[in-house]
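At position 455 of the sequence shown the residue is numbered 461 (the numbering used here), and the sequence of numbers has no breaks.
Cβ coordinates follow ideal geometry from the N, Cα and C atoms, glycine included.
Let me begin by presenting the structure, written as structure tokens, before commenting on it.
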Amino acid sequence: MEEGAPQAVGRPRAVGGHPDRRRARAGPDAVHRGRLLEPDRHLRRRRGRRRRRRRAPPPHREPGGAGRQPHRHRPRLRRRHRRGGQQRGAPGRGRCPGLAARLENTQVSVTRVDEKRYTRRPYAPFTTSTLQQEAGRKFGWSSQQVMRTAQRLYENGHITYMRTDSTNLSETALRAARTQARELYGDAFVPAEARHYSKKAKGAQEAHEAIRPAGDSFRTPGQLAGQLAREEFRLYELIWQRTVASQMADAVGQTVTIRLAGRSTTDEVAEFSASGRTITFPGFLRAYVEGKDEGAAGDDAEADDSERRLPRVERGQVLDTAKLDAKGHTTSPPARYTEPSLTKALEELGIGRPSTYASIMQTIQDRGYVWKKGSALVPTFIAFAVVNLLEQHFAALVDYDFTASLEGELDEIAGGTLRRVDWLTEFYFGGGGGHAGGIAASGGLKSVVGQRLEEIDARGVNSIPLKATGPAGEPVMVRVGRYGPYLQAGGDDGARVSIADDIAPDELTAEKVRELLEAPSGDRELGTDPESGHTVVVKAGRYGPYVTTVVPEGSKESPRTGSLFKTMQPESVTLEDALKLLSLPRTVGKAEDGEEIQALNGRYGPYLKKGTDSRSIESEEKLFTTTLDEALAIFAQPKQRGRAAAKPPLAELGPDPVTNGLVTVREGRFGPYVTDGESNASLRKGDDPLTITLERAAELLVDRRERAPVKKKATKKAAAKKAPAKKSTAAKKTTAKTTAKATTAKKTTTTRKTATKAAARTTTSGEGVVPAGS
Numbered sequence: 007m008e009e010g011a012p013q014a015v016g017r018p019r020a021v022g023g024h025p026d027r028r029r030a031r032a033g034p035d036a037v038h039r040g041r042l043l044e045p046d047r048h049l050r051r052r053r054g055r056r057r058r059r060r061r062a063p064p065p066h067r068e069p070g071g072a073g074r075q076p077h078r079h080r081p082r083l084r085r086r087h088r089r090g091g092q093q094r095g096a097p098g099r100g101r102c103p104g105l106a107a108r109l110e111n112t113q114v115s116v117t118r119v120d121e122k123r124y125t126r127r128p129y130a131p132f133t134t135s136t137l138q139q140e141a142g143r144k145f146g147w148s149s150q151q152v153m154r155t156a157q158r159l160y161e162n163g164h165i166t167y168m169r170t171d172s173t174n175l176s177e178t179a180l181r182a183a184r185t186q187a188r189e190l191y192g193d194a195f196v197p198a199e200a201r202h203y204s205k206k207a208k209g210a211q212e213a214h215e216a217i218r219p220a221g222d223s224f225r226t227p228g229q230l231a232g233q234l235a236r237e238e239f240r241l242y243e244l245i246w247q248r249t250v251a252s253q254m255a256d257a258v259g260q261t262v263t264i265r266l267a268g269r270s271t272t273d274e275v276a277e278f279s280a281s282g283r284t285i286t287f288p289g290f291l292r293a294y295v296e297g298k299d300e301g302a303a304g305d306d307a308e309a310d311d312s313e314r315r316l317p318r319v320e321r322g323q324v325l326d327t328a329k330l331d332a333k334g335h336t337t338s339p340p341a342r343y344t345e346p347s348l349t350k351a352l353e354e355l356g357i358g359r360p361s362t363y364a365s366i367m368q369t370i371q372d373r374g375y376v377w378k379k380g381s382a383l384v385p386t387f388i389a390f391a392v393v394n395l396l397e398q399h400f401a402a403l404v405d406y407d408f409t410a411s412l413e414g415e416l417d418e419i420a421g422g423t424l425r426r427v428d429w430l431t432e433f434y435f436g437g438g439g440g441h442a443g444g445i446a447a448s449g450g451l452k453s454v455v456g457q458r459l460e461e462i463d464a465r466g467v468n469s470i471p472l473k474a475t476g477p478a479g480e481p482v483m484v485r486v487g488r489y490g491p492y493l494q495a496g497g498d499d500g501a502r503v504s505i506a507d508d509i510a511p512d513e514l515t516a517e518k519v520r521e522l523l524e525a526p527s528g529d530r531e532l533g534t535d536p537e538s539g540h541t542v543v544v545k546a547g548r549y550g551p552y553v554t555t556v557v558p559e560g561s562k563e564s565p566r567t568g569s570l571f572k573t574m575q576p577e578s579v580t581l582e583d584a585l586k587l588l589s590l591p592r593t594v595g596k597a598e599d600g601e602e603i604q605a606l607n608g609r610y611g612p613y614l615k616k617g618t619d620s621r622s623i624e625s626e627e628k629l630f631t632t633t634l635d636e637a638l639a640i641f642a643q644p645k646q647r648g649r650a651a652a653k654p655p656l657a658e659l660g661p662d663p664v665t666n667g668l669v670t671v672r673e674g675r676f677g678p679y680v681t682d683g684e685s686n687a688s689l690r691k692g693d694d695p696l697t698i699t700l701e702r703a704a705e706l707l708v709d710r711r712e713r714a715p716v717k718k719k720a721t722k723k724a725a726a727k728k729a730p731a732k733k734s735t736a737a738k739k740t741t742a743k744t745t746a747k748a749t750t751a752k753k754t755t756t757t758r759k760t761a762t763k764a765a766a767r768t769t770t771s772g773e774g775v776v777p778a779g780s
């Protein structure tokens, strides 16, 4: 049999990079507030609910077949087979390995070969949402990081306005993009006519041009490499590539689908199918290839420039089977939302605007509605409780259509077609104007909220039922309490157990629930307090282990508590240790001025307190041994404001991609953090100091640098000092008032210009701004 394959086409390669990516100074960034956050949380919670409720079906196995001739893609068995010429269902889970064995060393024939022309049009230029999505997919950036970097590029005149929902390009931009594409790739890669794109998203305003490189002619990333910081360079390169590619020719190729049929040794008929793709002309793919979302499946997971090559075969050709592998296949639930995919979903639903996507993403994290697990957004039980409240009592306010229509009305107010005072009056107090998203017809927001407040059952909305059951089959609820979420089995009087912050809602399976409920509580009785007669126990609390006295139910006496020292373990702590901890704070004595000195163990370690003055002490054991003379000697010394000797790092991760400084994980006063020697960034919820990766640490450091306060130089004060000189100059000549006034005015103008130039020189020199990467 003749072997052959389609002509090989090299993978298109993006150009425009530059090896010298030196850092530049960054300008101040802007912060923009978002609006209408509740439907976003509602959207995420519904997807989280589907993840919990949708169970994967039992896995089945599919034998993959391969002919003896060499090729690069193995056909897969279609889910049907026949026995004795009769149609039957798909082979079961246990039958596939046996079927594969019965098909070995048999012959299969080619029953069908379908060839089609493949054409892929270029992507439209970036809008705000697509820029956030693509930078999130390719760089792993948050929406806030994308917008901060784009803000600096815009302020420095490198790109056009970055808050836009338009894909249109001006005639100047079209000429610039086509000219650059022709210069870099040749005439064959540029179509005869310019491409024009239209936006079809809900509520698109198209008030601005698409995001593109600024100017009548585009500067390549290589030309700007010496002026941009690393993050700015990467984002500019992405925008430049997308804009140029949008005016290039289509990618052209060919798709092939082959079907094979064979008969097993027991007369079972099986069909295999395989599909391939080759690219014969890369077109715009030579400049740019779009990234894919995490968790995408099937064709959506393959890059547009990927190729799957199959051998050349003809219909009726007979092939020998050399090997068949039975491979398992399971159906997975929908992937979690990431910031890019959530932004895409919000845009499709018409929720939010270009200026609000980044602030929405940041707000839902800051308020504790979601936390990041890698790049995935994991909803918390607080979000479930809030959505319960809104869905049960204010369903109209979180309806997708209501939110989208409300956005449209706010746009009308911004455009001047609606009066804002009238609209707000109807929205809050009600009315018959027909605006305010239907809330006006219901009596307004004030009436709706007032009527529903009395109906709200706080315990009910904070209770989330689970399908999983307890060890004895009893129902289990997740409740959101004052100190965090907890599991409760068997009703209000059932057993309770706290839920760790890093447990996602969909991970509370029946096995996990049983494990949590059956785990030992960690409470251990140590003995009796001789002073009060109450039992002393050691417990594992939300903020660490502690000892406490057990007060009888109904007693008005408050239990005494004390946190364990860092050197103590709950398993080994004794009654004697517990009584010492319960004795804190300890009165050391009185100073000469009559102030009482106490030894306390605080949030940041052991310390001595005298009135409003305090001093740290060396170790926790000193709390019990420090004498009055030692305490007076400590207070007699000036207060130490310097830092103590640095502790060794918990881990070393490697060089930072921006500063090249060694990134380490350290334990600080406020918890674990990462540092490159110049910037420090606290770890977020869900980040483990022992398992955090260099990529995650670099992301935290970039975010911290961009949120750093700008150091201002007092340039205005220097200019203000010259003001008295203007008065004295004007006072010297009193004989000619007109001349004096003219002279004073001129000198004032000159002084102001000089001050402005001095301030401009100061800003240009880099003082007063925080360098990117510092």
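Alpha carbon to alpha carbon, what distance is there between residue j and residue i?
i, j, result
"T134", "A141", "11 Å"
"R236", "T665", "10 Å"
"T344", "A182", "34 Å"
"P661", "A584", "45 Å"
"L581", "I603", "27 Å"
"G450", "E432", "6 Å"
"P678", "I445", "47 Å"
"E274", "G259", "37 Å"
"D120", "S312", "19 Å"
"L175", "E353", "21 Å"
"S688", "R675", "11 Å"
"A654", "V543", "Per the sequence shown, the amino acid found at residue 654 is Pro instead of Ala. Each residue's Cα considered, the two are about 34 Å apart."
Just list the residues that DSSP pairs residue i with in beta bridges.
i, result
"W429", "W429 pairs with nothing; no bridge assigned."
"A257", "R126"
"T284", "Q260"
"H265", "Inspection of the sequence shows that residue 265 is occupied by Arg rather than by His. R265 is bridged to R118 and S279."
"D619", "K616"
"S569", "Y552"
"G533", "V542"
"V484", "I470 and L493"
"G607", "It is Asn, not Gly, that sits at residue 607 in the sequence shown. Answer is P612."
"G547", "G550"
"P661", "L668"
Quick one: what's got a C-beta closer than 6 Å to residue i's C-beta in the same chain, skipping five residues either side?
i, result
"R758", "Its pLDDT being 43, under 50, R758 is placed unreliably by the model, and the measurement read from it follows with that caveat. If we look at R758 and ignore the five residues flanking it on each side, it has no Cβ neighbours."
"E296", "Y129"
"L42", "Because L42 carries a pLDDT of 34, less than 50, the predicted location of this residue cannot be relied on, and no value is offered for it."
Using a Cβ-Cβ cutoff of less than 7 Å, which residues in the same chain neighbour residue i once the five nearest sequence positions on both sides are dropped?
i, result
"Q398", "V467"
"R248", "Y129, P131, F132 and Y294"
"Y613", "L606, S620, R621, S622 and I623"
DSSP state of residue i, grouped into three classes?
i, result
"I419", "helix"
"V384", "strand"
"F435", "helix"
"E582", "helix"
"L42", "Note that L42 has pLDDT 34, beneath the 50 cutoff, so the model's placement of it is unreliable and no number is given."
"E366", "This sequence places Ile at residue 366; Glu is not what is there. Reduced to three states, the DSSP call for I366 is helix."
"D599", "coil"
"V557", "coil"
"I470", "strand"
"I245", "helix"
"I217", "strand"
"P511", "helix"
"K645", "coil"
"R758", "Low confidence applies to R758: its pLDDT is 43, below 50, so where it sits in the model is not reliable, and the reading given next is rough at best. Reduced to three states, the DSSP call for R758 is helix."
"A194", "helix"
"R592", "strand"
Near residue i, what residues of its chain come up, given a Cβ to Cβ distance below 8 Å and the 5 sequence neighbours on each side ignored?
i, result
"T518", "With the sequence shown as reference, residue 518 is identified as Lys, and Thr is not the correct amino acid for it. Same-chain partners within the cutoff: A474 and I509."
"T455", "The sequence given here has Val at residue 455, not Thr. So the qualifying residues of the chain are F400."
"V669", "E658, L659, G660, P661, D662, V680, T681, D682, L700, A703, A704 and L707"
"S204", "T173 and N174"
"Q113", "G268, V324, L325, D326 and T327"
Requested in this report: Could I get the ranges of all uninterrupted alpha helix (DSSP H) runs contained in the region 664 to 713, with 4 residues as the minimum, in chain order?
Outcome: As far as the region 664 to 713 is concerned, its whole alpha helix (DSSP H) runs of at least 4 residues are 700 to 712.
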